[in-house]
Amino acid sequence: MVRFWHLPWQPDRPNYAAQDQMGVLLEQMGVRWVRLEFHIDHSDAYSLTHVSLNDYFINEVAPRHNFKILGLLGFQLVRERAPMELGNPATYADRVYGDGINTYMRTWLDRARMIVSRYHGRIAAYEVLNEPNLIGYHDGSFLEPEMVARLQARFYRFFHHIDRQSREDQFWRDHIQIILGALQPASQSGQHALHYRSDRDYLRAIYDSDDFQQYYATYGHFPLDGLGYHPYPKEIFVSLATPVPDLGSAMTPQPSPEHTDPMMEHLLAPTPLPQITDLELMNQRLDELRGVLHEVGDPQQPFWITEIGYNAGYPHHTDVLQAEFLRTAFTRLAHRADVAAIFWFKYEDFPPASGPRSQQWGCVRIPFIEHGSCPGGACYDVYGRPEQLRPAFWTYRELAGKASISPEPPSYVTITGPLTGTVGMPSLFTATTARESTTLPVTYHWQTSHQASMINESGLQDTVMLTWDRPGVQHVQLEIKNAAGTIISTYPITITHAP
Numbered sequence: 065m066v067r068f069w070h071l072p073w074q075p076d077r078p079n080y081a082a083q084d085q086m087g088v089l090l091e092q093m094g095v096r097w098v099r100l101e102f103h104i105d106h107s108d109a110y111s112l113t114h115v116s117l118n119d120y121f122i123n124e125v126a127p128r129h130n131f132k133i134l135g136l137l138g139f140q141l142v143r144e145r146a147p148m149e150l151g152n153p154a155t156y157a158d159r160v161y162g163d164g165i166n167t168y169m170r171t172w173l174d175r176a177r178m179i180v181s182r183y184h185g186r187i188a189a190y191e192v193l194n195e196p197n198l199i200g201y202h203d204g205s206f207l208e209p210e211m212v213a214r215l216q217a218r219f220y221r222f223f224h225h226i227d228r229q230s231r232e233d234q235f236w237r238d239h240i241q242i243i244l245g246a247l248q249p250a251s252q253s254g255q256h257a258l259h260y261r262s263d264r265d266y267l268r269a270i271y272d273s274d275d276f277q278q279y280y281a282t283y284g285h286f287p288l289d290g291l292g293y294h295p296y297p298k299e300i301f302v303s304l305a306t307p308v309p310d311l312g313s314a315m316t317p318q319p320s321p322e323h324t325d326p327m328m329e330h331l332l333a334p335t336p337l338p339q340i341t342d343l344e345l346m347n348q349r350l351d352e353l354r355g356v357l358h359e360v361g362d363p364q365q366p367f368w369i370t371e372i373g374y375n376a377g378y379p380h381h382t383d384v385l386q387a388e389f390l391r392t393a394f395t396r397l398a399h400r401a402d403v404a405a406i407f408w409f410k411y412e413d414f415p416p417a418s419g420p421r422s423q424q425w426g427c428v429r430i431p432f433i434e435h436g437s438c439p440g441g442a443c444y445d446v447y448g449r450p451e452q453l454r455p456a457f458w459t460y461r462e463l464a465g466k467a468s469i470s471p472e473p474p475s476y477v478t479i480t481g482p483l484t485g486t487v488g489m490p491s492l493f494t495a496t497t498a499r500e501s502t503t504l505p506v507t508y509h510w511q512t513s514h515q516a517s518m519i520n521e522s523g524l525q526d527t528v529m530l531t532w533d534r535p536g537v538q539h540v541q542l543e544i545k546n547a548a549g550t551i552i553s554t555y556p557i558t559i560t561h562a563p
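Numbering (our numbering), first residue to last: 65 to 563.
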């Protein structure tokens with residue numbers, strides 16, 4: 065899952081540099097599929113403007129690096145309305161989409177079709193909605209599965225039957241898959257929530273809906289090419305009627321009194337002694353869902369694991385455990401014949417950066433400042449340069465068969481030097497690049513305020529002498545780069561006058 069940022073001085077234009085940087089590193093990881101979510105704010109008048117911000121990645125970056133794109137057509141497609149409005153029972157007979165349409169659904173379908181028309185075959189698959197069975201969990205309500213089924217069936221029918229009647233060549237539609245948006249294991253906050261409906265029951269209701277049954281009666285198959293699912297082990301545990309927890313779970317966070325959100329209370333609940341592994345939880349739940357698919361007459365429908373991940377920021381979680389979980393999940397799930405694709409959540413971290421609710425899901429760590437003026441509340445390094453390629457990055461790269469392929473990017477850089485200094489007196493700083501297998505040479509670009517930058521080409525280590533002519537807290541900024549990637553780091557030093 066990727067997100068794009070804007071340059072502060074060009075808020076209405078794509079950040080080409082950050083997208084280029086992302087493309088390079090994703091290719092270095094060995095990524096083949098990228099899940100990209102479309103966002104549209106305000107009104108239809110702005111729809112094309114917002115969608116066009118994705119043009120550069122879809123039309124330039126993805127082909128350059130041979131990425132296939134899964135386009136997520138989620139609730140962010142109608143950001144000016146609450147997601148629960150999709151379930152508004154005030155429906156009408158729409159002249160385009162037929163009976164049972166509400167305003168939210170009409171807007172979503174219009175915008176989704178506009179996106180399809182814009183990109184044609186440059187997007188390999190679409191995912192309809194994201195975790196719809198989780199919507200409304202704050203107040204115990206939920207989005208009716210029949211409305212989710214209606215949206216899926218109408219979009220699928222227009223994609224494959226109505227819109228392909230256009231005079232233009234429409235054969236590209238035959239190669240694009242449409243995935244039923246991923247269900248979430250915990251559903252409405254878990255087994256004890258008000259009006260709880262399990263992910264299995266939610267799936268049954270989708271298939272039992274009039275729209276799915278009518279589509280099947282007309283075309284001989286159901287209106288989807290894959291079932292999206294997010295088999296996070298801890299959330300599967302939350303959904304169990306008789307919990308069977310795993311203290312060593314890669315997804316088991318620890319409790320914190322700061323949490324008041326019902327879902328977070330479940331996810332941060334303490335767990336007793338281990339009895340079942342993460343892999344067993346995931347496989348057991350996928351087997352149960354496969355059983356439902358057999359019940360409803362769609363036994364061959366493949367799973368698309370459009371999210372699986374690990375938050376290294378939870379207490380007692382680490383970067384190393386994140387990498388171990390990635391290896392286990394990808395290796396074992398890939399052995400299932402009914403899993404068509406697996407997507408890691410996600411490329412980079414997002415707010416908050418620290419504390420018990422920190423969100424350190426990324427394979428890379430890109431520095432950011434938390435601020436409401438930036439999309440998602442995070443002002444990232446404007447060029448998308450990471451501070452670290454986490455162990456998960458290298459594990460993914462290994463599983464993708466690229467471990468022995470050059471060039472290899474630097475993983476992170478450590479700066480050592482004094483914490484304090486004196487005006488007019490030189491201070492010695494040494495930068496050490498991690499991973500001996502990093503491709504050489506490495507270019508070191510040193511910068512600090514009030515003096516000229518220094519650029520050296522070296523090996524895994526570089527040393528500079530810096531002198532300041534004024535007191536205060538100074539920041540030594542370093543960018544290291546080789547043929548495969550770029551890493552940045554910052555080192556603070558306090559400069560004072562001589563006594």
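The beta carbon of each residue, even a glycine, is placed where N, CA and C say it ideally should be.
On a predicted model such as this, the values are computed, not experimentally measured, just so you know.
Under DSSP, the alpha helix (DSSP H) around residue i begins and ends at which residues?
i: D265; result: 263-272
i: Q348; result: 342-359
i: L207; result: That residue, L207, is in no alpha helix (DSSP H); it is neither H nor E in DSSP.
i: D84; result: 80-93
i: V528; result: No alpha helix (DSSP H) holds V528; the beta strand (DSSP E) holding it covers 525-530.
i: T113; result: 111-116
i: E462; result: 455-463
i: H129; result: 126-129
i: E299; result: 297-303
Taking the C-alpha atoms as reference points, what is the distance between residue i and residue j?
i: A81; j: V537; result: 29 Å
i: L353; j: V403; result: 12 Å
i: P474; j: S491; result: 25 Å
i: I179; j: F286; result: 23 Å
i: F407; j: G162; result: 35 Å
i: M518; j: W510; result: 5 Å
i: A269; j: V212; result: 10 Å
i: T512; j: M529; result: 12 Å
i: V564; j: Y260; result: For residue 564 there is no data in the structure shown, the boundaries of the chain being 65 and 563.
i: G284; j: Y444; result: 48 Å
i: Q32; j: L137; result: Because the chain spans 65 through 563 in this model, residue 32 falls outside it and cannot be assessed.
i: E101; j: T497; result: 34 Å
i: R177; j: H381; result: 42 Å
i: E195; j: S262; result: 13 Å
i: Q348; j: L397; result: 12 Å
i: I240; j: A442; result: 33 Å
i: T155; j: I165; result: 5 Å
i: D174; j: M148; result: 18 Å
i: I433; j: V160; result: 45 Å
i: D76; j: L117; result: 8 Å
Taking the continuous beta strand (DSSP E) assigned at residue i, which residues delimit it?
i: L483; result: No beta strand (DSSP E) contains L483, which DSSP labels as neither H nor E.
i: E543; result: 536-545
i: I430; result: Neither: I430 is in no beta strand (DSSP E) and is coded neither H nor E.
i: P556; result: 550-560
i: E371; result: 367-373
i: A417; result: Element bounds for A417: n/a, residue is neither H nor E.
i: H509; result: 506-511
i: M148; result: M148 -> no beta strand (DSSP E), and no H or E assigned at all.
i: K132; result: 132-137
i: E34; result: The shown model of the chain, from 65 to 563, leaves out residue 34, and the question about it has no answer.
State the CB to CB distance for the pair residue i and residue j, rounded to an integer number of angstroms; the pair is presumed to be in contact (CB under 8 Å).
i: Y190; j: G135; result: 5 Å
i: L141; j: W172; result: 5 Å
i: R170; j: T370; result: In fact, because the Cβ distance is near 25 Å, the residues do not count as touching under 8 Å.
i: L390; j: T459; result: 5 Å
Taking 7 Å as the cut-off, is the beta-carbon of residue i closer than that to any non-hydrogen atom of the ligand FAD?
i: E144; result: Here there are no bound small molecules, and the ligand FAD is not part of this structure.
I'd like the list of long-range same chain contacts for residue i, defined as Cβ closer than 8 Å, with 5 residues on each side in sequence excluded.
i: R534; result: V487, H514, I559
i: D272; result: V360
i: S320; result: Caution is warranted here: a pLDDT of 36 is assigned to S320, below 50, making its placement in the model unreliable, and the coordinate value is therefore given only provisionally. Around S320: L332, P379, P420, R421.
i: L524; result: T496, T497, E500, T502, L504, V506
i: I104; result: Y110, S111, H114, V115, Q140, L141, V142, R143, R175
Please return the same chain residues whose Cβ sits closer than 6 Å to the Cβ of residue i, not counting the five positions on each side in sequence.
i: Q234; result: R228
i: Q541; result: Q511, T554
i: K545; result: T507
i: E299; result: P249, A250
i: V125; result: Q83, G87
i: P431; result: D445, E451
Less than 7 Å between C-beta atoms, sequence neighbours within five positions excluded: which residues of the same chain meet that for residue i?
i: E208; result: G151
i: Q424; result: N375, A376, G377, D413
i: G373; result: W408, F409, K410, W425
i: S522; result: P505, V506, Y508
i: A547; result: P471, T503
Would residue i count as contacting chain B if we go by Cβ distances under 8 Å?
i: S491; result: The question asks about chain B, but that chain is absent: this structure has only one protein chain.
Margin query: Restricting to runs no shorter than 4 residues, where is the alpha helix (DSSP H) found entirely within the region 375-415?
Written below: 383-397
Check: Curious, which full-length beta strand (DSSP E) runs of at least 3 residues does the region 156-199 contain?
Finding: 156-158, 162-165, 189-192
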